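Down below is the structure, laid out as structure tokens.
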Amino acid sequence: MSRQTGYWNNMGDYSSGSGDYDPRNDWTEKHWAESDRIWEQAQKERAEKERVEKERVKKERVEKERIEKERVEKERVEKEKVDREKVVKERAKKKD
């Protein structure tokens, strides 16, 4: 977990611990537990953000599809209306 590669500070930021001084050298189990807790919380927050973003993208896609279907339906109805008007005009010409 976070013990091998770095640690999570109290601000929720990850530190690689690179350099000459590694503050983890003096850590107790309490410090490690706190780092692990912060890491787990950050993982949960990231997962929640991803879930919310996926949901937003899905809603956006569904809305675009709905709008496109409405547009296609409007075009179809308009075309039918124009076709009917043409038929009516042709019939009127034939009667004359």
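With the numbering used here, letter number 56 in the sequence shown gets 48, and the count goes up by one each step, no holes.
For each residue, glycine too, the CB sits at the ideal point set by N, CA and C.
The structure presented is a predicted model; accordingly, all values stated were derived computationally and were not measured.
- Would Ile59 be called buried (16 or more neighbouring beta carbons within 10 Å of its own) or exposed? exposed
- Message: For Lys46, count the other beta carbons within 10 Å of its own beta carbon; 16 or more makes it buried, fewer makes it exposed. Which is it?
- Response: That one is exposed.
- Message: For the alpha helix (DSSP H) containing Trp31, name the first residue and the last one.
- Response: Glu21 to Lys87
- Message: Given this structure, state the Cα-to-Cα distance separating Glu67 from Lys73, to the nearest angstrom.
- Response: 10 Å
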